[in-house]
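Residue numbers for the sequence shown follow our numbering, so the first one is 330 and each next one is one higher. By construction, the Cβ of each residue, glycine as well, lies at the ideal position given by its N, Cα and C atoms.
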Amino acid sequence: MATLRLGDTAPDFTQESTAGTIRFHEWAGDAWVVLFSHPADFTPVCTTELGKTAALSGEFARRNVKPIAVSVDSLESHAGWVPDINETQNTTVNFPILADADRKVADLYDMIHPGASTTATVRSVFIIDPKKVVRTTFTYPASTGRNFDEILRVIDSLQLTDSHKVATPVNWRDGDDVIIVPSLQDPAEIAQRFPKGYKAVKPYLRITPQPNK
330 MATLRLGDTA PDFTQESTAG TIRFHEWAGD AWVVLFSHPA DFTPVCTTEL
380 GKTAALSGEF ARRNVKPIAV SVDSLESHAG WVPDINETQN TTVNFPILAD
430 ADRKVADLYD MIHPGASTTA TVRSVFIIDP KKVVRTTFTY PASTGRNFDE
480 ILRVIDSLQL TDSHKVATPV NWRDGDDVII VPSLQDPAEI AQRFPKGYKA
530 VKPYLRITPQ PNK
């Protein structure tokens, strides 16, 4: 399986999970999706990551995002691990964990760690939009936990830039100034879209307050 690229359609699949059978595109509906893999159940870094995902349920819901995790462990293994996550992370896992024992999802999304083993998935993240298009990917080594603040920041940027002709600069956070895209040159449209005006640092670098979402 070739590596998925930005702009590709996220592969559909049917797989069992802790929330029942998941028909992925149907389950996603009109929401954004964060699909992320973890190397194995009962591992320390993954325990903190899934706990953090559950703790951020309100933040995901506010952005119309559905998180879903995957590993090649069995449904029985997941069922035994979830109480540990809830206990140690002081939360309640409230999103599906796919039981990918046949590696269907891991192979579709190229998640198997090369040279490590035939089952250990790397810490991959796919941000998928409501049209089922892959918009962002991250890949972390097994030893490094993911930064969920960054995942939320990227989703904020994608949702803003999808609805406005802007881009987000380095280290941007929701509410910060943004950049008017260079392709937008019509003065009347600029005035209509950005009533607070803008600062032209260079002809191609025009800074403006973030528009309302």
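key: the stretch 491-500 / the stretch 363-370 touching (three or more Cβ pairs under 8 Å)   = no
ask   = Comparing alpha-carbon positions, which option in G358, V499, T343, V422 lies nearest D458?
value = G358
query = So, using beta-carbon positions, are E388 and L481 closer together than 8 Å?
reply = Result yes, Cβ atoms of E388 and L481 sit closer than 8 Å.
ask   = So D485 and D503 are in contact, right, with Cβ under 8 Å, and what is the actual spacing, rounded?
value = 5 Å
task = Note down the Cα distance separating L534 from Y527, rounded to an integer number of angstroms.
result = 10 Å
query = DSSP on W361, reduced to helix/strand/coil?
reply = strand
request  = Kindly indicate which residue of R452, T347, N423, H354 has the alpha-carbon position closest to the one of P470.
outcome  = R452
request  = State the Cα-Cα distance for the pair Q344 and D413, rounded to the nearest angstrom.
outcome  = Roughly 23 Å separates the two Cα atoms.
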